[in-house]
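Novice:
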Amino acid sequence: MYPARFEYFAPTTLDEALEIIGRYDEGEAKVLAGGMSLIPVMKLRFAAPRALVDINRIGGLDTLAEEGGMLRIGALVRHKTCEQSDLLKGKYGALGDAAPQIADPIVRNLGTVAGSLAHADPQGDWASVMLAVRAEVVARGNGGERTIPIDELLAGPFTTTLEANEILTEVRVPDPGARAGGTYLKLERKVGDFATVGVAVHVSMSNGSVGQAGIALTGVGPKNIRAEAAEQALAGHALDDETIAEAARLAAEAAQPRTDVRGTEEYKRNAVRVFTARGLRRAAEVVG
Ligand SMILES: Cc1cc2nc3c(=O)[nH]c(=O)nc-3n(C[C@H](O)[C@H](O)[C@H](O)COP(=O)(O)OP(=O)(O)OC[C@H]3O[C@@H](n4cnc5c(N)ncnc54)[C@H](O)[C@@H]3O)c2cc1C
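Going by the numbering used here, the first residue of the sequence shown is number 124, and it counts up by one from there.
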């Protein structure tokens, strides 16, 4: 199906983009980044924005760099750039491991990390990774700029706390320190599919025990879920078999899976348990 009729704008500055969005009633103008989610929903006529504001010609939004004690991921950083980046290894390994598991190479060429977060698909992989590493996003509106912790950004299925007239300009991941690491494990029916279950794991060590832990789940709830009790069970402990098994049990308990074509509730819950344990063992290897 063809999308409904819309106006198209390709501004070259953020101010211009915000000015164009401001001309329309709330929600009538949509930001276009990679278009990998927006265009399909427009073609299905689930969305019919009156205007698309293409941000791809705006300079300075493609930064992927470690600066000022954080990793900065600009709004136009593509999944593919993350897949190929040497920066997203070791302490940022959860990001590097997730990138090649997003969709397929064609989607990864264009789709953006920020676009995934703004789209808030509960089966999106990046949101779990960002929960695990405790990222925040920077949103720019006509009133200025604000930062939103990732837990506060994700409001529900396909819903965020971004205002309709705000543009997400950057994702920021705090530097977890040298002895940190994690991974993202995804169960998919075939390459390119959305997750049946995904688990993001991230730990930073302090004096031989876990200082801070991040565990988040994909595809097993109305939005990406932080497995808070599992995180707490790790803090202050060594990453030994017993601690890992308990955290994995608690992560499975936090999941809210539903039986569907991808598997039964029980199967998905068990996959969360197995993947959490596997992810934590991998993280233990990374942090030594
Ligand atoms: C075949 C296929 C398979 C896929 N498989 C997966 C998968 O396995 N895992 C996964 O995580 N994702 C998957 N996706 C989704 C893909 O990762 C998208 O790239 C991503 O969800 C959206 O990024 P985008 O840059 O393409 O955003 P767009 O499609 O351009 O935009 C998506 C939404 O976010 C808004 N938006 C985008 N950027 C901004 C911004 N900077 N500020 C404010 N709002 C913004 C748009 O207005 C729109 O509402 C798949 C997509 C396809 C087509």
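Built from N, CA and C at the ideal position, the CB exists for glycine as well.
Measuring CB atoms only, is the stretch 324-332 touching the stretch 289-305, in the sense that at least three cross pairs come out at less than 8 angstroms?
Specialist: yes
Novice: Expressed to the nearest angstrom, what Euclidean distance is found between the alpha-carbon atoms of V164 and M253?
Specialist: Locating residue 164 in the sequence shown gives position 41, counting from the first residue. Locating residue 253 in the sequence shown gives position 130, counting from the first residue. The alpha-carbon atoms of V164 and M253 are separated by roughly 24 angstroms.
Novice: Enumerate in chain order the residues of its own chain whose CB-to-CB distance from N232 is below 7 angstroms, with the five nearest sequence positions on each side excluded.
Specialist: Here residue 232 refers to the residue found at position 109 of the sequence shown. These residues qualify, in order along the chain: R201, K203.
Novice: Just checking, does the stretch 363-378 make contact with the stretch 277-291 on the three C-beta pairs under 8 angstroms criterion?
Specialist: Because the criterion of three Cβ pairs below 8 angstroms is not met, the stretch 363-378 and the stretch 277-291 do not touch.
Novice: With distances taken between CB atoms, is the gap from A221 to W249 smaller than 8 angstroms?
Specialist: Residue mapping note: residue 221 aligns to position 98 of the sequence shown, counting from 1. Residue mapping note: residue 249 aligns to position 126 of the sequence shown, counting from 1. In contact: A221 and W249 (Cβ atoms closer than 8 angstroms).
Novice: Which residue from R146, A255, D185 puts its Cα closest to that of Q355?
Specialist: In the sequence shown, residue 355 corresponds to position 232, counting from 1. Nearest C-alpha to Q355: A255.
Novice: Closer than 7 angstroms: is that where the CB of T136 sits relative to any heavy atom of ligand 1?
Specialist: In the sequence shown, counting from the first residue as 1, residue 136 sits at position 13. Every heavy atom of ligand 1 is 7 angstroms or more from the Cβ of T136, so no.
Novice: What residue range is occupied by the uninterrupted beta strand (DSSP E) comprising E189?
Specialist: By one-based count along the sequence shown, residue 189 stands at place 66. Run containing E189: 187-190, per the beta strand (DSSP E) assignment.
Novice: Among the residues of its own chain, which have a CB less than 8 angstroms from the CB of G279, if the five just before and after it don't count?
Specialist: Residue 279 sits at position 156 when you count from the first residue of the sequence shown. So the list reads A243, P345, K346, once near-sequence residues are dropped.
Novice: In three-state terms, what does DSSP make of G334?
Specialist: For the purposes of this step, residue 334 is taken as the residue at position 211 of the sequence shown. The answer is strand: DSSP assigns G334 an E or B state.
Novice: Which residue from Y125, R392, K313 puts its Cα closest to that of L167?
Specialist: In the sequence shown, the residue the question calls residue 167 occupies position 44. Here the closest residue by C-alpha is Y125.
Novice: For ligand 1, I want to know if M159 counts as a neighbour, meaning its beta carbon is within less than 7 angstroms of at least one of the ligand's heavy atoms.
Specialist: In the sequence shown, the residue the question calls residue 159 occupies position 36. At least one heavy atom of ligand 1 is nearer than 7 angstroms to the Cβ of M159, so yes.
Novice: Does the count of Cβ pairs from the stretch 173-183 and the stretch 127-140 closer than 8 angstroms reach three?
Specialist: Using a C-beta cut-off of 8 angstroms, the stretch 173-183 makes contact with the stretch 127-140, since at least three inter-stretch Cβ pairs fall below that distance.
Novice: Which same chain residues, not among the five before or five after I144, have their C-beta less than 7 angstroms away from its C-beta?
Specialist: Against the sequence shown, residue 144 aligns to sequence position 21. Cβ neighbours of I144 beyond the five flanking positions: A152, V176, N288.
Novice: Can you determine whether any heavy atom of ligand 1 sits closer than 7 angstroms to the C-beta of P163, and answer yes or no?
Specialist: If you number the sequence shown from 1, residue 163 lands on position 40. Yes, the beta carbon of P163 sits closer than 7 angstroms to at least one heavy atom of ligand 1.
Novice: Please report the residue range of the beta strand (DSSP E) in which T306 lies.
Specialist: Counted from its first residue, the sequence shown places residue 306 at position 183. Note, T306: beta strand (DSSP E), 303-310.
Novice: Are the beta-carbon atoms belonging to L199 and D185 less than 8 angstroms from one another?
Specialist: The count along the sequence shown starts at 1 and reaches residue 199 at position 76. The count along the sequence shown starts at 1 and reaches residue 185 at position 62. Taking 8 angstroms as the Cβ cut-off, L199 and D185 qualify as a contacting pair.
Novice: Cβ-heavy atom distance between G234 and ligand 1 below 7 angstroms?
Specialist: Your numbering for residue 234 matches position 111 in the sequence shown. Yes, the beta carbon of G234 sits closer than 7 angstroms to at least one heavy atom of ligand 1.
Novice: Determine whether the beta carbon atoms of A156 and T235 lie at a separation below 8 angstroms.
Specialist: On the sequence shown, residue 156 is found 33 positions in, with the first residue counted as 1. On the sequence shown, residue 235 is found 112 positions in, with the first residue counted as 1. Closer than 8 angstroms, so yes.
Novice: Closer than 8 angstroms by C-beta to V264: which residues in its own chain qualify, once you throw out the five before and the five after it? Chain order, please.
Specialist: For the purposes of this step, residue 264 is taken as residue 141 along the sequence shown, with counting starting at 1. Per the sequence shown, the amino acid found at residue 264 is Gly instead of Val. If we look at G264 and ignore the five residues flanking it on each side, its Cβ neighbours are L141, E286, N288, E289, I290.
Novice: Under the three-state reduction of DSSP, which class applies to Y125: helix, strand or coil?
Specialist: Position 2 of the sequence shown holds residue 125. Under the three-state reduction of DSSP, Y125 is assigned to coil, being neither helix nor strand.
Novice: Would you report the Cα separation of V261 and G359, rounded to the nearest angstrom?
Specialist: To locate residue 261, count along the sequence shown from 1; it is residue 138. To locate residue 359, count along the sequence shown from 1; it is residue 236. One C-alpha to the other measures close to 31 angstroms.
Novice: Report all residues from its chain with a CB closer than 7 angstroms to the CB of M193; omit the five preceding and five following residues, and keep chain order.
Specialist: Taking the sequence shown and counting its residues from 1, one reaches residue 193 at position 70. So the list reads R295, V296, P297, D298, once near-sequence residues are dropped.
Novice: Kindly indicate which residue of G191, G342, A371 has the alpha-carbon position closest to the one of E351.
Specialist: Working through the sequence shown from its first residue, we reach residue 351 at position 228. The shortest C-alpha separation from E351 is found at A371.
Novice: Look at the Cβ atom of Y391, then the Cβ atom of T306, and state whether they are nearer than 8 angstroms.
Specialist: As a working note, residue 391 is residue 268 in the sequence shown. As a working note, residue 306 is residue 183 in the sequence shown. With the sequence shown as reference, residue 391 is identified as Lys, and Tyr is not the correct amino acid for it. Cβ distance not < 8 angstroms, so K391 and T306 don't count as in contact.
Novice: Please classify K212 as buried or exposed, where buried requires at least 16 other C-beta atoms within 10 Å of its C-beta.
Specialist: As a working mapping, residue 212 is identified with position 89 in the sequence shown. K212 is exposed by the Cβ-count criterion.
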